[in-house]
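Q: I am attaching a structure below and will ask some questions about it afterwards.
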């Protein structure tokens, strides 16, 4: 079995690829580990596939290439690379040479201390401060606050994982930056290390300021999946009870005004508001019941366990 798999999504990086492969060989040659590189071409149009094909021919013992039919996005490319990887340890990094392969041995050494995931932190980031760095810092702070998994740099692709830390969940949409959050949800031990970050030599950045908006929207999905996918009634039912409670308070207020001050109930806008809240409350509870049935069907139909086991100690039965 291969010890180490490097998964590298590629989109229009033909000039960087030969230099990246040389840097990888230099970084991994001293290690006493078997390794492979999985390049996933995400619909490149600049001739990157030809360069990757030549790298696969030149390094048949180390290089495999997965070529998409069209551009599916970075998350899909990472998921495909993980699916095709054979290593017990998986390292993700970008193809643009801004991540430094020379940092990989440092991540692996930290992983050997007993961690399941070591995340890179671009402490001295070489990107545009206003369009990349500041929005990224704000997004990282928001993700850490909402999820409770505190990392300085969710956007840094350079991370090392034990394979078991990537099991129990699937990646889709733009969820690759939330892998540490999902890994933490299945009990992974996580840490981070400062890594080098270089200015881009060739090509152009594929993402801009609009990505921050996507991250915030995805965060809603992640929060729901982590906290309520197993118990959706707590979200929908709690919301429904709160709405019904507010409605009851308004109706009680209207009742007191009618009895003691002879103020018309139907003439007050609070009556319409309270009735609307009452209906919404009951609908939310009904949605919670439906969501509970869907959650049970999802887990039972796929035989998904509701727990993860790190180890079993003692005598086997």
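Residue numbers (this note's numbering): 7 to 323. Even glycine gets a Cβ: it sits at the ideal position worked out from N, Cα and C.
1) What is the rounded straight-line gap between the Cα of residue 178 and the Cα of residue 225?
2) Please tell me whether residue 181 and residue 242 are closer than 8 Å, where the distance is taken between their beta carbons.
3) Within its chain, find whatever has a CB closer than 6 Å to the CB of residue 122; leave out the 5 residues flanking it on each side and keep chain order.
4) Would residue 303 be called buried (16 or more neighbouring beta carbons within 10 Å of its own) or exposed?
5) I need the DSSP call for residue 134, collapsed to helix, strand or coil.
6) Let's see if you can read the secondary structure: which residues bound the alpha helix (DSSP H) around residue 248?
7) Taking the Cβ atom as the reference point for each residue, do residue 330 and residue 21 lie within a distance shorter than 8 Å?
8) By the 10 Å Cβ neighbour count, where 16 or more other Cβ atoms means buried, how is residue 105 classified, buried or exposed?
9) Taking the alpha helix (DSSP H) that residue 324 falls in, what are its first and last residues?
10) Please name the residue in 191, 133 and 19 whose C-alpha comes closest to that of residue 49.
11) How is residue 226 classed by DSSP in three states: helix, strand or coil?
12) Determine, using beta carbons only, whether residue 329 and residue 129 come nearer to each other than 8 Å.
13) Please report the residue range of the alpha helix (DSSP H) in which residue 364 lies.
14) Closest to residue 68 by CA distance: which of 267, 281, 45 and 299 is it?
15) Under the three-state reduction of DSSP, which class applies to residue 118: helix, strand or coil?
16) Rounded to the nearest angstrom, how far is the Cβ of residue 116 from that of residue 197, given a contact under 8 Å?
17) Which parts of the segment 63–107 are runs of the beta strand (DSSP E), unbroken and 3 residues or longer, counting only runs that do not cross its ends?
18) Can you give the Cα-Cα distance for residue 220 and residue 47, rounded to whole angstroms?
19) Between the segment 55–73 and the segment 133–146, can you find at least three pairs of beta-carbon atoms closer than 8 Å?
20) Hey, quick one: how far does the beta strand (DSSP E) through residue 11 stretch, first residue to last?
21) For residue 248 and residue 82, I'd like the C-alpha separation in whole angstroms.
22) Whose CA, out of 256, 273, 295 and 262, lies closest to the CA of residue 282?
23) Using CA atoms only, rank isn't needed, just tell me which of 110, 206 and 39 is closest to residue 134.
24) Use the C-beta contact count for residue 237: other C-beta atoms within 10 angstroms, 16 or more gives buried, fewer gives exposed.
25) Below 8 Å on the Cβ atoms is my guess for residue 40 versus residue 9; work out the distance and round it to an integer in Å.
26) Expressed to the nearest angstrom, what Euclidean distance is found between the alpha-carbon atoms of residue 261 and residue 289?
27) In its own chain, which residues sit with a C-beta less than 8 Å from the C-beta of residue 264, not counting the 5 before and 5 after it?
28) Let me check understanding here. Comparing Cα to Cα, which of 11, 93 and 24 lies closest to residue 63?
A: Taking the geometry as given:
1) 13 Å
2) no
3) 168, 171, 194 and 195
4) exposed
5) coil
6) 239–267
7) This structure cannot speak to residue 330, because the chain is shown only from 7 to 323.
8) buried
9) Residue coverage of the chain in this structure runs from 7 to 323, which leaves residue 324 outside it and unanswerable.
10) 19
11) helix
12) In the structure as shown, the chain begins at 7 and stops at 323. Residue 329 is therefore absent and cannot be evaluated.
13) There is simply no residue 364 to check, as the chain begins at 7 and stops at 323 in what is shown.
14) 45
15) coil
16) 6 Å
17) 69–73 and 95–98
18) 23 Å
19) no
20) 10–16
21) 39 Å
22) 256
23) 206
24) exposed
25) 5 Å
26) 24 Å
27) 270 and 271
28) 24
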